[in-house]
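In the numbering used here, the protein residues as written are 1 to 96.
Here it is as structure tokens:
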């Protein structure tokens, strides 16, 4: 049986990690902002705490999931597009 040799670490791990760190923060903060816009019926103290504490799980979830992308470029493109959509939706909600 022929065995194939795979490199132990792919070369694009740094670009994936940076995409998860930078764009994951954008997604987490944007998601928190969207939550604040949609939860206006809650008391401010509860809403503020929920918005604050939802940032780390989203950010770490994106950072952990970024390694499922096939390449670092795809990670940057998909997360960048998603971040642009989230921030665009947040801007549209704030203007209306």
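Just so it is clear, CB atoms sit at the ideal spot from N, CA and C, and this is done for glycine as well. Every value quoted in this text rests on a predicted model; they were computed, and no experiment measured them.
Check your understanding: So is residue 60 buried or exposed if we call it buried at 16+ other beta carbons inside 10 Å?
Key -> exposed
Review point. Would you call the stretch 59-75 and the stretch 10-27 touching, i.e. three or more CB-CB distances under 8 Å?
Key: yes
**Study point:** Closest Cα partner of residue 86 within the set 13, 37, 49, 72
**Key:** 37
Exercise for review: Look at residue 72 and residue 30 and say whether their C-beta atoms are less than 8 Å apart.
Suggested key: no
Check your understanding: Taking the C-alpha atoms as reference points, what is the distance between residue 19 and residue 34?
Key -> 21 Å
Check your understanding: Is it buried or exposed for residue 76, if we count other Cβ within 10 angstroms and need 16 for buried?
Key -> buried
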